[in-house]
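Numbered by our numbering, the letters in the sequence shown go through residues 93 to 680 in order. All remarks here apply to the structure that follows.
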Amino acid sequence: MNIPMHRFKYTKLTKSQIGEKLKAIAESGPLCRSEYTDELSGKSIRIITDDGPVFDYSFRDIRNLSVRVDGESFSGSYGALPLANMIFFSHMILSEQRGYNVFIDRDTSLVTIIEVWFSSGRKERTMGGNEIIIDDREAQRHIYYGYVEKNGHTAPETRHHLTNRLEGKGMYWEQDTGIETLEFYSSVVSTNFVELTRLMDELGYCSPSDYVLVNDNIFIYNRTECEFSGIFTSYVVDLFTRKQIGVRLGFNERDELEYYMFRGEGEIVGELTPLGPFEKQGNEPMVSPASGTPRPQVKGQRMAYRPVRDFIYMTDEEVHEAALKSTTNFEPTDMAVNNMPFSDILVGKEFTLRYDRGGPVIHYKVEEKFKLRYREDKENTWHEVEYRAYEADHDLAWFSHLLVDSKPRTSLQIALDLTNGLTTCIHSQMGTEYYGNEVSYYAIFGVADMEGINPPRYLRHELSDDLVGHAWSWTYSNNMTSMHLFTAPNSHAWTIYTADQSLGSQWCGPSLLVKVRNGVHILAECEEACNGHAMIVMINEKIRHDCGFDFYGSREGVQLNLVGAIGRHIGYYDVKKYFGPKARKKGV
Numbered sequence: 093m094n095i096p097m098h099r100f101k102y103t104k105l106t107k108s109q110i111g112e113k114l115k116a117i118a119e120s121g122p123l124c125r126s127e128y129t130d131e132l133s134g135k136s137i138r139i140i141t142d143d144g145p146v147f148d149y150s151f152r153d154i155r156n157l158s159v160r161v162d163g164e165s166f167s168g169s170y171g172a173l174p175l176a177n178m179i180f181f182s183h184m185i186l187s188e189q190r191g192y193n194v195f196i197d198r199d200t201s202l203v204t205i206i207e208v209w210f211s212s213g214r215k216e217r218t219m220g221g222n223e224i225i226i227d228d229r230e231a232q233r234h235i236y237y238g239y240v241e242k243n244g245h246t247a248p249e250t251r252h253h254l255t256n257r258l259e260g261k262g263m264y265w266e267q268d269t270g271i272e273t274l275e276f277y278s279s280v281v282s283t284n285f286v287e288l289t290r291l292m293d294e295l296g297y298c299s300p301s302d303y304v305l306v307n308d309n310i311f312i313y314n315r316t317e318c319e320f321s322g323i324f325t326s327y328v329v330d331l332f333t334r335k336q337i338g339v340r341l342g343f344n345e346r347d348e349l350e351y352y353m354f355r356g357e358g359e360i361v362g363e364l365t366p367l368g369p370f371e372k373q374g375n376e377p378m379v380s381p382a383s384g385t386p387r388p389q390v391k392g393q394r395m396a397y398r399p400v401r402d403f404i405y406m407t408d409e410e411v412h413e414a415a416l417k418s419t420t421n422f423e424p425t426d427m428a429v430n431n432m433p434f435s436d437i438l439v440g441k442e443f444t445l446r447y448d449r450g451g452p453v454i455h456y457k458v459e460e461k462f463k464l465r466y467r468e469d470k471e472n473t474w475h476e477v478e479y480r481a482y483e484a485d486h487d488l489a490w491f492s493h494l495l496v497d498s499k500p501r502t503s504l505q506i507a508l509d510l511t512n513g514l515t516t517c518i519h520s521q522m523g524t525e526y527y528g529n530e531v532s533y534y535a536i537f538g539v540a541d542m543e544g545i546n547p548p549r550y551l552r553h554e555l556s557d558d559l560v561g562h563a564w565s566w567t568y569s570n571n572m573t574s575m576h577l578f579t580a581p582n583s584h585a586w587t588i589y590t591a592d593q594s595l596g597s598q599w600c601g602p603s604l605l606v607k608v609r610n611g612v613h614i615l616a617e618c619e620e621a622c623n624g625h626a627m628i629v630m631i632n633e634k635i636r637h638d639c640g641f642d643f644y645g646s647r648e649g650v651q652l653n654l655v656g657a658i659g660r661h662i663g664y665y666d667v668k669k670y671f672g673p674k675a676r677k678k679g680v
């Protein structure tokens with residue numbers, strides 16, 4: 093698929109449509125490329141869960157079972173796979189549109205059961221306070237902890253439980269299906285993952301997740317692709333051997349049912365440093381800070397970030413009408429409390445910026461610290477505008493301004509190297525093909541005509557993957573810190589730190605990086621399907637600081653504001669080798 097998942101219009105499947113599609117697995121149960129184990133064949137077990145059902149299982153053979161769940165009996169097909177001390181089996185109760193994924197620790201008899209179901213009709217309040225009904229196609233999950241009952245034995249005192257022990261770890265996985273993924277467990281409630289096989293464009297995505305501790309090397313994991321296809325993936329992983337067994341359940345972009353079990357082998361690609369309290373073990377669920385009156389926890393509730401549900405759609409014309417009423421720039425915000433100081437590095441200079449391949453030619457005269465005059469080559473009139481400039485590195489100017497009377501409203505963010513005459517412009521304007529109040533942007537490269545500088549003919553700033561795999565925290569103010577994670581060449585993610593510095597909600601979007609100097613890069617990104625803001629900053633790794641600009645539109649108008657933060661390098665994932673043009677696998 094070459095449409096980003098956050099842009100793809102997934103069909104709103106109905107309960108009846110889902111029921112019809114589930115009939116396809118009535119006889120087969122879950123598929124699997126690997127051989128199932130017959131370890132459970134002919135056995136019966138009773139599983140007692142805390143605050144949940146009692147499960148009485150009878151396994152007739154290697155593929156068929158019957159189960160009695162709190163007094164109701166069902167039969168169907170299942171599949172089972174072993175890994176180390178674990179055995180995992182999965183089955184569906186088709187008449188109920190629900191199923192169970194059962195992870196049994198054979199050494200301790202402890203059990204984790206993840207119930208999944210479709211057509212929940214569940215209501216949820218977004219972080220913006222809007223009440224929504226979850227799409228029927230989105231798989232819901234609920235976790236039960238318990239044990240296998242043994243005659244003559246008392247119930248174990250311990251249980252599997254949620255954990256933060258995987259927080260920060262990154263893994264490469266290849267399933268027996270041929271599917272390859274990069275999975276970054278960069279938050280205690282979310283995963284950043286890159287589909288190396290299914291999708292074309294090497295983008296990262298974020299989905300809510302759970303991490304369950306079995307023992308020091310065995311963990312149970314799941315994620316649901318909320319706001320995308322709604323597909324559920326779960327597996328148990330042995331970090332000693334870097335192997336996994338798991339299941340995938342849901343409806344893909346073609347509305348085809350995927351229900352299969354898999355084996356996989358992987359590699360650890362790196363670690364990030366958690367910044368939360370040393371004494372915290374992550375064994376309590378993180379609750380979504382939704383606005384409005386608090387509600388009691390309901391079955392299946394989880395911390396799912398659904399930003400587009402709070403995003404108010406505007407047309408191009410509506411945005412421009414708002415811009416005519418109010419277009420402002422460089423107002424103080426919480427995102428710029430820790431900003432770098434403004435510079436007069438351009439004051440007294442006249443120069444012309446010439447961008448390649450038919451790009452604009454812009455003449456500048458700068459006589460003041462906060463005001464400049466410009467005109468494009470095709471114009472006769474000079475325009476006076478406010479601007480802000482930083483000296484982002486020695487003799488490196490980084491400045492921005494609005495284009496006067498532009499429709500749609502447009503701003504330029506310009507890097508100008510006063511030592512060699514190289515320049516990059518990020519051209520950002522209101523409107524994408526999806527929303528009038530999202531920002532679109534692109535980079536153009538060129539040189540400056542300027543007294544005392546003889547610019548190169550062929551050398552330019554360039555798009556870069558230097559930061560791919562790196563994670564930085566950015567503290568904008570005492571009230572706002574986020575982690576930026578560059579998991580793929582064409583996107584990056586941002587994760588909000590909670591009050592105790594645990595990492596919580598994540599979202600991600602396409603982005604670009606431009607190398608200006610060694611250790612100095614421009615990051616341009618728009619929070620697509622989120623809030624529409626574009627953040628264009630220059631990151632200077634040498635001083636661990638960034639500075640730049642935030643451009644966005646709303647019903648209140650269009651604003652070009654300031655951004656700046658103090659950074660910390662949090663860690664690195666060695667993942668560049670997985671990216672780049674390559675032949676695609678057949679038959680996956």
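Just so it is clear, CB atoms sit at the ideal spot from N, CA and C, and this is done for glycine as well.
Starting from residue i, follow the beta strand (DSSP E) in both directions and report where the run begins and ends.
i      : result
Lys242 : It is not in any beta strand (DSSP E) - Lys242 carries neither H nor E in the DSSP assignment.
Glu294 : Note, Glu294: premise wrong, no beta strand (DSSP E); not H, not E.
Val453 : Val453 to Val458
Leu615 : Val612 to Cys618
Gly596 : Leu595 to Arg609
His493 : Leu488 to Leu494
Ile79  : Because the chain spans 93 through 680 in this model, residue 79 falls outside it and cannot be assessed.
Gln373 : That residue, Gln373, is in no beta strand (DSSP E); it is neither H nor E in DSSP.
Met93  : Taken as a continuous stretch (DSSP letters only), Met93 belongs to no beta strand (DSSP E), as it is neither H nor E.
Tyr277 : Glu272 to Tyr277
Asp268 : Careful: Asp268 lies outside any beta strand (DSSP E) and carries neither H nor E.
Ile506 : Thr502 to Asp509
If you drop the 5 nearest sequence neighbours on each side, which residues of the same chain put their C-beta closer than 8 Å to that of residue i?
i      : result
His98  : Tyr297, Glu319, Phe320, Val400, Gly601, Glu620 and Ala621
Leu555 : Ala535, Leu604, Leu605, Val606 and Lys607
Lys215 : Glu223, Ile224, Ile225 and Ile226
Within the same chain, show all residues whose beta-carbon is closer than 6 Å to that of residue i, passing over the 5 residues directly before and after it, in chain order.
i      : result
Gly260 : Glu363, Leu364 and Pro366
Val361 : Gly262, Tyr264, Tyr665, Asp666 and Val667
Ser282 : Cys298, Pro300, Ser301 and Gln598
Gln336 : Tyr327, Val329 and Gly356
Arg160 : Asp148
Thr420 : Gln651
Asn653 : Glu423, Thr425 and Asp642
Does DSSP put residue i in a helix, in a strand, or in coil?
i      : result
Glu423 : coil
Leu514 : strand
Val159 : strand
Ala428 : helix
Ile647 : Note on residue identity: the sequence assigns Arg, not Ile, to residue 647. It is coil, neither helix nor strand.
Lys674 : coil
Asp497 : coil
Tyr398 : The displayed chain sequence assigns Arg, not Tyr, to residue 398. Residue state, collapsed to three classes: coil.
Lys669 : helix
Arg257 : coil
Tyr482 : strand
Gly362 : strand
Tyr466 : strand
Val477 : strand
Gly384 : Since pLDDT at Gly384 reaches only 49, below the 50 mark, its modelled position is unreliable, and the value read off the structure follows with that caveat. It is coil, neither helix nor strand.
Met627 : strand
Ala621 : coil
Asp642 : strand
Spatial neighbours of residue i within its chain, please: CB distance less than 7 Å, with the 5 preceding and 5 following residues excluded, ordered by chain position.
i      : result
Phe151 : Leu132, Ser133, Gly134, Lys135 and Leu157
Along the alpha helix (DSSP H) that carries residue i, what are the first and last residues, could you check?
i      : result
Leu438 : Unbroken run through Leu438: none, as it is neither H nor E.
Lys417 : Asp408 to Lys417
Notebook entry, point to check: Is the region 521-541 touching the region 421-436, taking contact as three or more C-beta pairs under 8 Å?
Noted result: no
Next item on the list: Any chance you could list the beta strand (DSSP E) runs of at least 3 consecutive residues sitting entirely within the region 285-353, in chain order?
Entry: 296-305, 310-316, 324-330 and 335-343
Next item on the list: Please go through the region 172-252 and give each complete beta strand (DSSP E) segment of 3 or more residues, from N-terminal end onward.
Entry: 178-185, 190-197, 202-209, 215-217, 223-225 and 232-240
Checklist line | Touching by the beta-carbon criterion (3+ pairs, under 8 Å), the region 629-637 and the region 599-615 | finding: yes
Next item on the list: Could I get the ranges of all uninterrupted beta strand (DSSP E) runs contained in the region 531-581, with 3 residues as the minimum, in chain order?
Entry: 531-542, 562-569 and 572-580
Note to self: Could you check whether the region 227-238 touches the region 536-545, counting it as contact only if at least three pairs of C-beta atoms, one from each stretch, sit closer than 8 Å?
What the structure shows: no
Margin query: Counting beta carbon pairs with one atom in the region 405-414 and one in the region 305-313, are three or more of them shorter than 8 Å?
Written below: no
Next item on the list: Count the C-beta pairs between the region 389-405 and the region 215-224 that are closer than 8 Å, then say yes if the count reaches three, no if not.
Entry: yes
Next item on the list: Ignoring anything shorter than 3 residues or poking outside the region 96-151, list the beta strand (DSSP E) runs there in chain order.
Entry: 136-141 and 146-151
Note to self: Measuring CB atoms only, is the region 161-180 touching the region 278-296, in the sense that at least three cross pairs come out at less than 8 Å?
What the structure shows: no
Note to self: Quick test of the definition: if touching needs 3 or more C-beta pairs under 8 Å, does the region 105-122 touch the region 641-651?
What the structure shows: no
Margin query: Measuring CB atoms only, is the region 411-426 touching the region 499-509, in the sense that at least three cross pairs come out at less than 8 Å?
Written below: yes
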